[in-house]
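Trainee: Residue numbers (my numbering), protein chains in the order written: chain A, 9 to 447; chain B, 9 to 447; chain C, 9 to 447; chain D, 9 to 447. No residue lacks a Cβ here, since even glycine has one placed at the ideal position from N, Cα and C.
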């Protein structure tokens, strides 16, 4: 098994980046991303796309419309002279949180909208597609247009992941436990995965984060800056279902001492007893996946943990979560060797005992870090409405790194900072252990 | 304009009754009711049928499945030997509140179910239709079967009304304000409706309620019994939009003295300022209807009031709501002259100044009474699961009488007791005034 | 054991009535009622008087101030020329719900007020006492003044009962289970109480309610009017702890079929398993009382039931709650033979097997009726602020009759209508069974 | 005006530290801290000490008992052979959150306890005082005992601050706005404070945090470790009321763009328009203080801000909050020159234009930092119950530094980490600005 080239080397060349000097047309990337979104929606029934199962999630229909609204609002309205929208109400309905451009339909009520229908939303998408392509055919070279288009494409890719996690949450609450995507063909489990190995890092100043001219980067990844890391070691691979099940079965969810105070309160209020999509049936552990319910495979990376659960597990084994900068240092020479969304397999792949270590920094499951989501020194959100994209959410959220089986290739990059509140369980999120070493 | 014959004379002969000795087949009534349900659903998109806009309402898809479940559960499972359900999970998903036959999917989460899809629900309906008809072809004469079938048909007719009120609530919350049924062709308003006239009744003992052998009656209408009424008078017609608008515009929603304490708290908490589907646009009063948004017609009976609003209005004009028995006495010689659901016009019809008075006891709008929903003396719910149909809801609800434009003909009968909590606004409910006279 | 004279004969002569033509001074009754309030408060610590344990209850300190505010607001401000309040803020702080006279401190936040202190509240009481007595000395004969004073005294007596029930609720939530009043000296239990006897009433029109000139009556008791009662029978005595315990121990709180739908939802949401102040300790049933925790005595009337529990118990034994008019007819010739507050024993007395039957219509425990709290035909609230006293609460509440061990003598009268929402458990409320007979 | 010696030099010699080798007796420090607690409670009425105004705050009575429980639980029960508690129930009632030693009375219900009364709590305090002193007289030299005693004294000092902030919150909600402590004698304002000056720091690795042997330090301040700081500058003094008022009056609370998304949601949900204890009266800005309501002095440090408000203000002026490490570096050579609790003036002191700059890092107001409360590298909570003291709260809280006018002298130290959730407004918290400089 040959290891692919490291993530640092490859990410600059990815589809959604616009840093190159040759300026290839944006029409193809645009078509590809838009098509990928359709592909995710296609296997679903219209009914699946209407429901909002909790405030934090949105109906797939809303995602489909919002990602088109983004291009309408920030590209068509600004770059097409005399642009007329097919439906002005959409500007209100499908604005997510950009107060700068106007008021929004109340977020917890996104699931109250039966109209526009799925068919009408697809028509809206086609309208936007045509208008954007017509525009690009005319002025593909416009620097500002390319900048906004690039954000729009990355934005849509982020929503592709949310479509999957949100619809999974909807369907998982249905006693019929529907399978919506074709099953992956995994081999049978080859026995247990060997104990995790550890990789040591010495103390020192390291550079982390990105500069905007590294290729497309979100503002929250910038600027590149220095941090000091005390000596630490980090696990060679993510924690597995096998390991996490030991925590579950030893009573981990009944013992206060492993948990943050807020985590323990959440465990008790919500009655958590195991990861969200696990359940017991006839004495076996099962899990719900987008490919239908299956037996819990012990050799898979554990998935759909909250920060609270990841943190508690780490404490239980005498370790901790890495900081986002420890993770970034350790991942800098790693390759993308986990499953990502482009493979259309929306579930982490089993680990292979023969796999070269370290492994799976990128893909399969997002990895919770112990870092609160805060601005980097010198961080400045862009001017205008897109300044609302990231900065204003830097509170009470924790950073995840590395990308998951539902992440588009270009987002599974070294400096990408995903972030969610610590109680969030519905993302494809697991963990990798770390430990502080004596200085 | 000739008045139709009185309600007392006609209701015994209606479709859903089974009291006759000739025992006509139930197949045709069954087909007719089931077909009427389909007709209501047909103009809607699948997306419209998924959403639950509040705990008290259900998705149309759920109503479509639940009314079929009712026949499956109480007819097919009990009367068809070796019956096999096409999908056992439906017995859990579509049980509304019959604890006797098993646990239920949590009511506030009925809108979380994308599956079965609308198409699958229709398939389930067809399956149940076929099985019931096959059964009826075999043993149409079975008395117990006929009894349950009759309840099932009346049950489905009740749900037809809820489908309309529930989907109206869903659609009204959508800024696109969709029109889903063809508009009625009302003439233009002919000016104001004359002041209401009053009809006096002397004190005395009257008989109210029904006996089960009067034709089909729900248990809560029985037994027929005596009540004493002090002298009263009752209005010849329902309160109009014109009259209610005067209350709104005189500041009725800002003045505590007209309201019950709970009503006033609700007005303030919810920010009520006018009936639920009214709104102001460009200086005009508009209202949302299932036929789309229209100007508020002043000659229509006021509709979509809560008990709190009906009660406050009555107090404002120095009157009160009639009790359900006053209403019943006054309505006993009245005909069905208002709009009912069979006309497929889901909005009250304007009053006509030339109309013979009294009028509109039946149809157009349910009329709130001042009576709490309580058991009649000697009331006994039936044995078994169907005993949960009515009796257990006799708490904190108020009785409405007379039927609305969304009510099936057979439910718009003299002794029928509709009931809702006092804050409910989404039913087609208005009021008729009453006053106590000196003894 | 001789039975006292019947309630009908005695209530007209009670302390708080003002109907007599001799016009005895109101100074003594005023002093007596005010003194009785002090006596209730005296054994408590200041800390006991601050806490509001739920929205529906008020701190004792608030009751002490509010009952003085009532005289200040409706007597001193209206009858004393140039009256100056010692503290104008109290007009806002201690107005309960009289919107007519101004805004109020938010009810659920009555327990947030440490100031005025208990001492300051007592000073306020003395100030009001002095000013009222000075006024009465001057114009005791003024009819309108006497009318308001009489309401004020009855009002304060009502609050005396609430002081007891509210502070009991506060103290019961304290693991130290404090005893605050001296224990009653009950004899030991003499074995079980014989089965309940029944008294039959034939069908007919009866007169119920009061006329204002029967002596003091609240507006909600008026006017006297006719109702028709179908034949019924009613129990000779209240349900006992012994009987209710059988319901508890047979699993009554785990079986849906006995409960109203709202009741069953409440049982499950709140985890009810027995009456509110009962608990198990070392295998015995105990109950918390204002005299401290004691063993559950089986020969006492069951107490502190909600309407839901009373109704469920009645259904479990195949009976029902009486209507308020059935109760009133049956109680009309009954005497006050139960414990009332004047005895300073704040717990129901055991039944005595040798007691003449029927018994205990008045005193010991309020008896839930199946009647919703609605206006009598011809009911008219008084003009002005005192019109807010009763009428606006006639919604979603149920009537209790007869008075309890915490009720002042004058309130334990035939036509008195107490009322609480059906989930209320903290009043001294039990039940008496009734059954409909064949007509 | 001479500047006192820097904080680094002085804190090691403070009262509550136990690092010295001479081992002075702990009896005096114990008496002093316990006495200081009494002094805070003394001016209050018992009623003031009962109320819990929100879940996050506790009644003063509870603090008085809990700080005694701490010594009973961790000193007397562990070090006194055959110790018998005067009241075993207190072990449940006054345990705050130490799951290791047993269950606790539910936190949001601390204000539901009228018993033990204030007098009984003081008796409990005296009992504990006597028992502890007797113990110390016997074995003052025991290292482990001294360690726990030291934690207990620091713990009690922390609660002294909470007593003040919690009772202020209680009293501020009372329309009577009581003054409970004697007013400070501030001179009149001498005009506006000059613009803030800035102090620059170059990039580099700095050491932050404490080692346990620096004198008493909480576990969360340890271990001392290295961080890299990019170049920054920090303000010479805290933000003033004058400056913050400009934000308020320019509409800062109505403009989304200054706020974190969670902050903006909170502003709108809670209707925030200015700092919590400010109000307008007759056209003037006033503020509630523990010394009673006073005019808003513009020359005082702004106080009682949430993190959201501090962060929004900083963004409005184009600056940001310092990180806790920037703050620590800048404060390392600063003296304690602000007001602390030992002065019994519970309100920040006005700034003096003649004051040597930089100033007021310590005392007056806690300063919000932009740092999430996370463990330092190598952090390890102590074993046993006291391991629950700090570590489990490291989630969704932000660090404040420097101490306030309600902080005991020994807590106003360089490495002390105070922490609160970002919406908390009731602490004496303000801010000092910082800015990133180009590298």
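Spell out a yes or no on whether the stretch 152-161 of chain A and the stretch 399-411 of chain A are touching, meaning 3 or more CB-CB pairs, one atom from each, closer than 8 Å.
Mentor: no
Trainee: If you measure between the beta carbons of residue 403 (chain C) and residue 268 (chain B), is that distance less than 9 Å?
Mentor: yes
Trainee: From residue 29 (chain C) to residue 218 (chain C), what does the alpha carbon distance come to, in whole angstroms?
Mentor: At residue 29 (chain C) the pLDDT is 49, less than 50, meaning the model places this residue with poor confidence and gives no usable figure here.
Trainee: Is it buried or exposed, residue 37 (chain A), if we count other Cβ atoms within 10 angstroms and call 16 or more buried?
Mentor: buried
Trainee: Nearest CA to the CA of residue 388 (chain B): which residue from C:256, C:413, C:328 and C:344?
Mentor: C:328
Trainee: Verify the CB distance criterion: does residue 29 (chain D) have a CB-CB separation below 9 Å to chain A?
Mentor: Below a pLDDT of 50, predicted positions are generally treated as unreliable, and residue 29 (chain D), at 49, falls in that range; the measurement from the model is reported next regardless. No - not a single Cβ of chain A is within 9 Å of the one on residue 29 (chain D).
Trainee: Of the choices C:375, C:279 and C:303, whose alpha-carbon is the least far from that of residue 290 (chain C)?
Mentor: Of the candidates C:375, C:279 and C:303, the one whose C-alpha sits nearest the C-alpha of residue 290 (chain C) is C:303.
Trainee: Could you give the distance in angstroms between the alpha-carbon of residue 88 (chain A) and the alpha-carbon of residue 56 (chain B)?
Mentor: C-alpha separation (whole angstroms): 34 Å.
Trainee: Cutting at 7 Å between CB atoms, please list the residues of its own chain near residue 366 (chain B), excluding the five before and the five after it.
Mentor: Excluding its 5 nearest sequence neighbours in each direction, residue 366 (chain B) has C-beta neighbours in its own chain below 7 Å: 207, 244, 245 and 342, listed in chain order.
Trainee: Identify whether residue 160 (chain A) lies in helix, strand or coil by the three-state DSSP scheme.
Mentor: helix
Trainee: Comparing alpha-carbon positions, which option in D:298, D:350, D:274 and D:233 lies nearest residue 166 (chain D)?
Mentor: For residue 166 (chain D), the closest alpha carbon among the candidates D:298, D:350, D:274 and D:233 is that of D:350.
Trainee: Could you check how far apart the C-beta atoms of residue 84 (chain D) and residue 139 (chain D) are, in whole angstroms? I think they sit under 8 Å.
Mentor: For residue 84 (chain D) against residue 139 (chain D), the beta-carbon gap comes to about 5 Å, under 8 Å, which counts as contact.
Trainee: Kindly indicate if chain C contains any beta-carbon less than 9 Å away from that of residue 265 (chain B).
Mentor: yes
Trainee: Please report how far the alpha carbon of residue 260 (chain D) lies from the alpha carbon of residue 376 (chain D), in whole angstroms.
Mentor: Straight-line Cα distance between these residues: approximately 19 Å.
Trainee: Mind pulling the chain B residues with CB within less than 7 Å of residue 101 (chain A)?
Mentor: 183
Trainee: For residue 52 (chain B), which option in B:35, B:223, B:382 and B:176 has the closest C-alpha, if you only look at C-alpha atoms?
Mentor: When only C-alpha atoms are compared, the closest one is B:176.
Trainee: Can you give the beta carbon distance from residue 194 (chain D) to residue 33 (chain D), rounded, assuming they're within the 8 Å contact cut?
Mentor: With 8 Å as the limit, residue 194 (chain D) and residue 33 (chain D) do not qualify as a contact, their Cβ atoms being about 39 Å apart.
Trainee: According to DSSP, is residue 59 (chain C) part of a helix, a strand, or is it coil?
Mentor: coil
Trainee: Does the beta-carbon distance from residue 386 (chain D) to residue 444 (chain A) come in below 9 Å?
Mentor: yes
Trainee: Helix, strand or coil, according to DSSP, for residue 167 (chain A) in the structure here?
Mentor: helix
Trainee: Would you say residue 369 (chain D) lies against chain A (beta-carbon separation less than 9 Å)?
Mentor: no
Trainee: If we call anything under 9 Å between Cβ atoms a contact, is residue 59 (chain D) one with residue 58 (chain C)?
Mentor: yes
Trainee: Residue 432 (chain D) by DSSP, collapsed to three states: which one?
Mentor: coil
Trainee: Report, in whole angstroms, the separation of the C-beta atoms of residue 123 (chain C) and residue 330 (chain D), which I expect to be a contact under 8 Å.
Mentor: Not confirmed; about 40 Å, so no contact.
Trainee: Specify, as a first and last residue, the run of the beta strand (DSSP E) that residue 295 (chain D) falls within.
Mentor: 292-297
Trainee: Taking 9 Å as the cut-off, decide whether the C-beta atoms of residue 270 (chain A) and residue 174 (chain A) are in contact.
Mentor: 9 Å or more divides the Cβ of residue 270 (chain A) from the Cβ of residue 174 (chain A).
Trainee: Could you pull out every residue in the same chain whose Cβ sits closer than 8 Å to the Cβ of residue 27 (chain D), ignoring the five residues on either side in sequence?
Mentor: Residue placement at residue 27 (chain D) cannot be trusted, given a pLDDT of 45 that sits under 50; what the coordinates show is reported in the next sentence. If we look at residue 27 (chain D) and ignore the five residues flanking it on each side, its Cβ neighbours are 20, 221, 222, 223 and 224.
Trainee: So, is residue 230 (chain A) buried or exposed, given that buried needs 16 or more other C-beta atoms within 10 angstroms?
Mentor: buried
Trainee: Under 6 Å Cβ to Cβ from residue 251 (chain D), same chain only, skipping five residues before and after it: list those, please.
Mentor: none
Trainee: In or out: residue 43 (chain D) buried (at least 16 other Cβ within 10 Å) or exposed?
Mentor: exposed
Trainee: Around the Cβ of residue 321 (chain B), are there at least 16 other Cβ atoms within 10 angstroms (buried) or fewer (exposed)?
Mentor: buried
Trainee: DSSP three-state call for residue 348 (chain D): helix, strand or coil?
Mentor: coil
Trainee: Please tell me whether residue 355 (chain B) and residue 190 (chain B) are closer than 9 Å, where the distance is taken between their beta carbons.
Mentor: no
Trainee: Roughly how far, in whole angstroms, is the beta-carbon of residue 213 (chain D) from the beta-carbon of residue 209 (chain A), given that I think they are within contact range, below 8 Å?
Mentor: Wrong, their Cβ atoms sit about 16 Å apart, outside the cutoff.
Trainee: I'd like the list of long-range same chain contacts for residue 201 (chain A), defined as Cβ closer than 7 Å, with 5 residues on each side in sequence excluded.
Mentor: 248, 250, 307, 359 and 361
Trainee: Return the CA-CA distance between residue 253 (chain C) and residue 282 (chain C), expressed in angstroms with no decimal places.
Mentor: 8 Å
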